[in-house]
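Chemist: Quick note, the sequences are listed as chains E and V, same order. Going by our numbering, 78 is the number at position 94 of the first sequence; the sequence numbering is gapless. For our numbering, count along the second sequence from 1 and bump the result up by 1334. Okay, handing you the structure first.
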Amino acid sequence: AQRVTQPEKLLSVFKGAPVELKCNYSYSGSPELFWYVQYSRQRLQLLLRHISRESIKGFTADLNKGETSFHLKKPFAQEEDSAMYYCALTGGSNYKLTFGKGTLLTVNP
Amino acid sequence: SAVISQKPSRDICQRGTSLTIQCQVDSQVTMMFWYRQQPGQSLTLIATANQGSEATYESGFVIDKFPISRPNLTFSTLTVSNMSPEDSSIYLCSVALDGYTFGSGTRLTVV
């Protein structure tokens, strides 16, 4: 079974502070991990995926297979980063995407 | 990137009635996915819809309650049948393109 855990339901930081949104997963094979973001009143959109190893909007995430983690990081948070963030996993041939419960990030001025 | 059009965007329905949600993609895709997002909750996969075959439902979801059609490679519908207030949720369709792309969702309220 595949499972994604986001331990923080809410996270609040000040503008300019570093931010880390935690994500741990459980999967027996080789997973593909994603971070999705949902800004207020907007649709869910892909932020980044581990296979592309890109940095989007200053966010990065490294897959740590030893710790089964895929934490999302940004060195200097901006107010426009305030949103709901979901970590998700897929693996195998069924392409089924499993989501964590999400973390609501608030960046205060 | 893929563009998904989903409608209606929202609806308020009477209990006991049914609502059909439509999802149109601008690319041909083999699999389309339907999710439910209950208030304050994360997304839960309802079913996977393959063109030319019966949809595959996840545990807790049945075809009689959520019948799905997939007539071609760019279109799918999800029907929420015999609705009750517990069905009040956001329903989203998704395709496995560009790292999974999602529709804007249908916000359903059952009264």
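For glycine and all other residues, C-beta sits at the position ideal for the given N, C-alpha and C. Since the model is a prediction, treat every value here as computed from it, not as a measurement.
(1) Can you tell me which of the three DSSP states V/Asp1421 falls into?
(2) From the DSSP output, read off the bridge partner residues of E/Tyr11.
(3) Between the segment 1421 to 1440 of chain V and chain E, which residues of the former have a C-beta closer than 8 Å to a C-beta of the latter?
(4) Excluding the five sequence neighbours on either side, which residues of its own chain have a C-beta within less than 6 Å of the C-beta of E/Met68, listed in chain order?
(5) Where E/Lys49 and V/Gln1348 are concerned, what is the direct C-alpha to C-alpha distance, given to the nearest angstrom?
(6) Give the range of the beta strand (DSSP E) segment to which E/Glu16 is assigned.
(7) Buried or exposed: where does E/Phe(-2) fall if 16 or more other Cβ atoms within 10 Å of its Cβ makes it buried?
(8) When the cut-off is 7 Å and only beta carbons count, does E/Arg37 lie next to chain V?
(9) Would V/Val1429 and V/Val1363 be called neighbours here (beta carbons separated by less than 7 Å)?
(10) For the putative contact between E/Glu(-8) and E/Leu5, defined by C-beta atoms under 8 Å, what is the C-beta separation to the nearest angstrom?
(11) Taking only beta-carbon atoms, is V/Met1365 less than 7 Å away from chain E?
(12) Mind pulling the chain V residues with CB within less than 8 Å of E/Gly75?
(13) Spatial neighbours of V/Val1400 within its chain, please: CB distance less than 8 Å, with the 5 preceding and 5 following residues excluded, ordered by chain position.
(14) Could you give the residue range of the beta strand (DSSP E) that holds V/Leu1397?
(15) Check E/Asp65 in the structure and name its three-state DSSP category.
(16) Please say whether V/Tyr1434 and V/Ile1355 have beta carbons closer to each other than 7 Å?
(17) Going by the DSSP bridge assignment, what does V/Tyr1391 pair with across the sheet?
Modeler: Result, derived from the coordinates:
(1) helix
(2) BP columns for E/Tyr11 are empty, so no partner.
(3) Leu1426, Ser1428, Ala1430, Asp1432, Gly1433, Tyr1434, Thr1435, Phe1436, Gly1437, Ser1438 and Gly1439
(4) Gln22, Gly86 and Leu88
(5) 48 Å
(6) Glu16 to Gln22
(7) exposed
(8) no
(9) yes
(10) 7 Å
(11) yes
(12) What E/Gly75 touches in chain V: nothing, since even the nearest Cβ is about 13 Å away.
(13) A small fix is needed here, since residue 1400 of chain V is Phe in this sequence, not Val. Closer than 8 Å at Cβ, skipping near neighbours: Trp1368, Ile1380, Ala1381, Tyr1391, Leu1412, Thr1413, Val1414 and Ser1415.
(14) Reading off the sequence shown, one finds Ile at residue 1397 of chain V, where the question assumed Leu. Where V/Ile1397 is concerned, there is no enclosing beta strand (DSSP E), given that its DSSP letter is neither H nor E.
(15) helix
(16) no
(17) V/Ala1381
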